[in-house]
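J.: This is the structure I want to talk about, given as C-alpha cells.
Numbering (the working numbering), first residue to last: 101 to 172.
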C-alpha cells in the first residue's frame, strides 16, 4: 500500500501504516492496518511525556506516523 507521513495529531481516523510499541513494557500500541483513534494518540503523547520509549516508527521522535493512503 502507498503510505504517507502525517503529523501524529492529524492522524485520527486514518489507517496506520506502521507499528508503534512502548517500552517499557514492550506492548504494541497500534499495528499496521488499525484505525487510529484519539484515544491512541492521547496514549502515545502521554507515554512520551513520562519518558517511555516509542519504537517501530520511521520517525524516531514519533512526531509523524505513516498512514495508508488509498489509490484514487
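Quick reminder that beta carbons are idealized off the backbone N, C-alpha and C, glycines included.
Remember, predicted model here, so these are calculated numbers, not experimental data.
Please say whether residue 117 and residue 161 have beta carbons closer to each other than 8 angstroms?
T.: One-based indexing of the chain shown puts residue 161 at position 61. One-based indexing of the chain shown puts residue 117 at position 17. Their beta carbons are not under 8 angstroms apart, which means residue 161 does not touch residue 117 by this criterion.
J.: List, from N- to C-terminal side, the beta strand (DSSP E) runs of 3 residues or more that fit wholly inside the region 101-159.
T.: Listed in chain order, the complete beta strand (DSSP E) runs (minimum 3 residues) inside the region 101-159 are 102-107, 120-123, 127-130, 153-155.
J.: Considering residue 166, what are the terminal residues of the beta strand (DSSP E) in which it resides?
T.: The residue you call residue 166 lines up with position 66 of the chain shown. Residue 166 -> beta strand (DSSP E) spans 164-169.
J.: Which residue's Cα is closest to the Cα of residue 134: 122, 111, 125, 154?
T.: As a working mapping, residue 134 is identified with position 34 in the chain shown. Residue 111 is the option with its Cα nearest to residue 134.
J.: Taking only the alpha-carbon atoms, compute the straight-line gap between residue 147 and residue 122 and give it to the nearest angstrom.
T.: Taking the chain shown and counting its residues from 1, the one referred to as residue 147 is at position 47. Taking the chain shown and counting its residues from 1, the one referred to as residue 122 is at position 22. Their Cα atoms are separated by approximately 7 angstroms.
J.: Give me, in chain order, the residues of the same chain whose beta-carbon lies closer than 7 angstroms to that of residue 155; leave out the 5 immediate sequence neighbours on both sides.
T.: Counted from its first residue, the chain shown places residue 155 at position 55. Within the same chain, residue 155 has close Cβ partners 121, 123.
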